[in-house]
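Reading through the structure tokens given below for one structure.
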Amino acid sequence: MSLSHTYVPLPDEGEQLQTDLIQVIGARENNLKNISVSIPKRQITVFTGVSGSGKSSLVFDTIAAEAQRQLNETFTAFVRNFLPSNGQPDVDSIENISAAIIIDQKRLGGNSRSTVGTITDINPLLRLLFSRAGQPHAGYSNVFSFNDPQGMCPECDGLGRTVQLDLDVFLDRSKSLNEGAIRHPDFAVGNWYWGIYANSGFFDNDKPLAEYTDDEWKTLLHGQATMTVEWQGGTMNSKYEGLVDRFTRLYIKKDGMSERNREIFQRFVTSARCPACGGTRLGSAALGSRIAGHNIADLTAMEASDLVDVLARLDVPTAKPVLEGLLDRIGNLVAIGLGYLSLDRETTTLSGGESQRIKMVRHLSSSLTDMMYVFDEPSVGLHARDVHRLKELLVKLRDKGNTVLVVEHDPDVIALADHVIDIGPAAGTKGGEVVFQGSVAELAKADTPTGRFLTNALPLKTEPRRHDGALPVANATSHNLKDVTVDFPAGVLTVVTGVAGSGKSSLVNDAFLGAHPDAIVIDQSAVSTSRRSNTATYTGLLDGIRKLFAKANNVSPSLFSANSKGACGNCQGLGVLYTDLAFMEGLKSPCEVCDGRRFSEDVLKHTLRGRSISDVLEMTAAEAGDFFPERKLHEVLRAINEVGLDYLTLGQPLSTLSGGECQRLKLATELHKAGTIYVLDEPTTGLHMSDVGHLLEILDRLVDGGNTVIVIEHNLDVIKNADWVIDLGPEGGSGGGQVLFEGTPAELVGARGSHTAEFLHRSLAFESRRGN
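What follows is the structure, encoded as structure tokens:
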């Protein structure tokens, strides 16, 4: 059924004012098929559908993008230069739209100066509290900031750590200068830096460093002098500077550094907690000021759940409003399931799910109303125990008078919706249509993939595989692990569970991989940052495809590379042109010469079975699987299709893939290996509930092929189908780090003291009642 310009009215639309609905007319972004939808304002609308169906294209690339574009246009051209660039989406019109706040899964990133406290704006309130109530009085709030010159520790510049040259690695004391005693490549024999020391006249260049006198050693490391250097047939004056001082100036104190230099730099330095501030980053004035016996560093080092208790007991009449604001914001951090985080935790260490929930905290204390909040799978990384906390926060945002749009797969979050829009019916070119609009109860009866699987849970595995030996981890203490010793069974599917922050990643990614470094790790990190990389290049498909085109046309394979001879001369094979407009927003536009096809016209004349190289790159993996019978290509395409990425086109840039898609693409490239260990981090991320069973089939096939598979996961269907479960907890942070349970899923159901066991039992009880 074609839904072109089809408008599906809400049941009570006749009673609603026109401005109470966001009207999207004729959306065609990516795979959307000219669809039109009505979205109720000041309600929670959940967008569902299989992966690649077009949910994100409608919510983020169309609605949110247009909201941001229109808001940005209200600013001056100069200000717009500092704002994200949003082109006009391919849609006829969007009416009654509100200003959008997008809360996605992109990691917060930042640098070593960015912490949970700074990103949530909790630290400024804490600094204000100490500037008003701290004793002895230390000064204004900036004195308590490690990012302000008046507050940062002078020894480490507010970083909390000092970096020093490791002389044992930098120097080979058994060698002389002429023999290459200085190991850094920039100081290699014959180089300019080496010449400064070898031609200084201070040393016997054939004398091993181990035989240097105390004075010679001091001169080599810290000496200062002006000297005449013979270099390339002439002489010149140069400053003599000791090795340690020169290295510190050139590398440690230098702001920018190339990737090559950074890699080399890391080999020759050691990092340690700053001895002056003890890693707190702050100066002595800030550390000396206290409230109820605590200085500001003591409070930022506490887990948020403990910090709330400490602040609640404070009696500070001079800063009561500040304290109330602190309790509200930190309370939101705890309520959203991040009570195990401390304010001094660096944002670079946060997961995608943690990053998204941190962003939520920043908006919960806002008094703005009639905003539009847009969420991208906010349940990612959440244990079933914590999903209800997320639901409470979404309701809180709605009840303040805001419109809440959520892209989600989790049935518990979908159940919260006031209105559901289901996109499908399938992925890629087979999706992009509105297949359902209505209530959750009506969705459960609808004949769509979401409707059919909404209440369909997989059964508990009753006959798990027997393991073949063990892969031990002994006395693990990284992060919050409490001297954990545990055996991972070999040759089976093991699922590691526990609430967020319980120690799952520490156990698997730190302790297990440290003991078994040869394991294949398939996580959700980006597979490439180059805009030239795509599905075909990453999986190795393009090499085989280029050879087929070359053989069929009797030409060079390099012609069929958009990064080589065959590239369009106008866009250099990118398919688009990037124009810098100085103080205006940058412009991205399709190449007019090749029409976005990336190749020159001469190359596009060459065909394979009636298709050009551009036509092939526009094929989905499913279409390409039928087009290429060649064994090697067919095996790779079959693997891509098996991991649920059949909707990806071969030329789709990797920069457009989500974390879950990146993970499954990595899995596709590793499926052929046997006799190895696979480690997967929440592989159900981004997966529709109808695809979870398919993922389990892939994992089972890996195990049946002689592999050991270890999965970090919250999804109850995956836990039910494990051969072995290792459950950590009982809580997050300092309240976790213990192994609560080891055994089969059936044994876990009856375990006590485990949140995973509790919710697994609830799920099975619900299925039993529904079956009866």
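Anchor point for the sequence shown: position 668 equals 668 in UniProt numbering, and the numbering is continuous, going up by one each time. Note that beta-carbon positions come from the ideal geometry of N, C-alpha and C, so glycine has one too.
Restricted to the stretch 657 to 718, the beta strand (DSSP E) segments that are unbroken, complete and at least 3 residues in length are 677 to 681, 708 to 712, listed in chain order. Inter-residue distance for asparagine 641 and alanine 621 is about 6 angstroms (C-alpha atoms, whole angstroms). Contact annotation: the stretch 176 to 196 does not touch the stretch 305 to 321, with fewer than three C-beta pairs closer than 8 angstroms.
If you look at leucine 171, you'll find it isn't in any alpha helix (DSSP H); DSSP assigns it neither H nor E. Counting along the chain, the unbroken alpha helix (DSSP H) around glutamate 324 starts and ends at 320 to 333. As the crow flies, the alpha-carbon of histidine 383 is around 25 angstroms from that of leucine 665. Taken through DSSP and simplified to helix, strand or coil, isoleucine 122 comes out as helix. By the neighbour-count definition (other C-beta atoms within 10 Å, threshold 16), asparagine 456 is an exposed residue. By the criterion of a C-beta distance shorter than 7 angstroms, threonine 684 is surrounded in its chain by Val692, Leu695, Glu713, Asn715, Val718, once the five residues flanking it on both sides are discounted. Measuring C-alpha to C-alpha distances from alanine 304 to each of Gln150, Gly732, Ser768 identifies Gly732 as the nearest. When Phe628, Ser556, Ala624, Gly644 are compared, the shortest CA-CA separation from valine 603 is found for Ser556. Buried is the label assigned to phenylalanine 488, since at least 16 other Cβ atoms lie within 10 Å of its Cβ.
Looking at Phe82, Asp92, Asn96, Ser145, the one whose alpha-carbon comes closest to that of arginine 113 is Ser145. Counting the other Cβ atoms within 10 Å of the Cβ of alanine 77 gives fewer than 16, which makes it exposed.
Following the DSSP letters along the chain, one finds glycine 195 inside the alpha helix (DSSP H) bounded by residues 192 to 198. Runs of alpha helix (DSSP H) with 4 or more residues, each lying fully within the stretch 475 to 552, are found at 535 to 539, listed in chain order. If you draw a straight line from the Cα of threonine 669 to the Cα of threonine 228, it comes to about 59 angstroms. Pairwise C-beta distances place the stretch 122 to 138 out of contact with the stretch 393 to 411, as fewer than three of them are shorter than 8 angstroms. If you look at histidine 606, you'll find it isn't in any beta strand (DSSP E); DSSP assigns it neither H nor E. Residue burial is scored here from C-beta neighbours: arginine 329 has at least 16 other C-beta atoms within 10 angstroms and is therefore classed as buried.
The three-state secondary structure of glutamate 241, taken from DSSP, is strand. Per DSSP, methionine 302 has no beta bridge partner at all. Between isoleucine 25 and isoleucine 39, the beta carbon gap of about 12 angstroms keeps them out of contact (Cβ cut-off 8 angstroms).
Counting C-beta pairs closer than 8 angstroms gives fewer than three between the stretch 589 to 604 and the stretch 622 to 634, which falls short of the contact rule. Counting every other CB atom within 10 Å of its CB across the protein chains shown gives lysine 41 a total of 16 or more, marking it as buried. If you draw a straight line from the Cα of histidine 634 to the Cα of arginine 609, it is about 16 angstroms long.
In the same chain as threonine 676, and ignoring 5 residues on each side of it, the C-beta atoms closer than 8 angstroms to its own belong to Asp518, Ala519, Ile520, Asn707, Thr708, in chain order.
Residue environment for glutamine 437: buried (at least 16 other C-beta atoms within 10 angstroms of its C-beta). Per DSSP, reduced to three states, the secondary structure at histidine 388 is helical.
Linking phenylalanine 512 to glutamate 742 through their CA atoms gives a straight-line distance of about 16 angstroms. Rounded to the nearest whole angstrom, the CA to CA distance from leucine 645 to glycine 52 is 8 angstroms. DSSP places glycine 625 inside the alpha helix (DSSP H), whose first and last residues are 621 to 627. Exposed is the label assigned to phenylalanine 82, since fewer than 16 other Cβ atoms lie within 10 Å of its Cβ.
The beta carbon of asparagine 475 is closer than 7 angstroms to those of Asp483, Thr485 in its chain, skipping five residues each way along the sequence.
At a cut-off of 3 residues, the continuous stretches assigned as beta strand (DSSP E) that sit fully inside the stretch 61 to 115 are 91 to 95, 100 to 103. DSSP, reduced to helix, strand and coil, places glutamate 408 outside both helices and strands of the structure shown, so it counts as coil.
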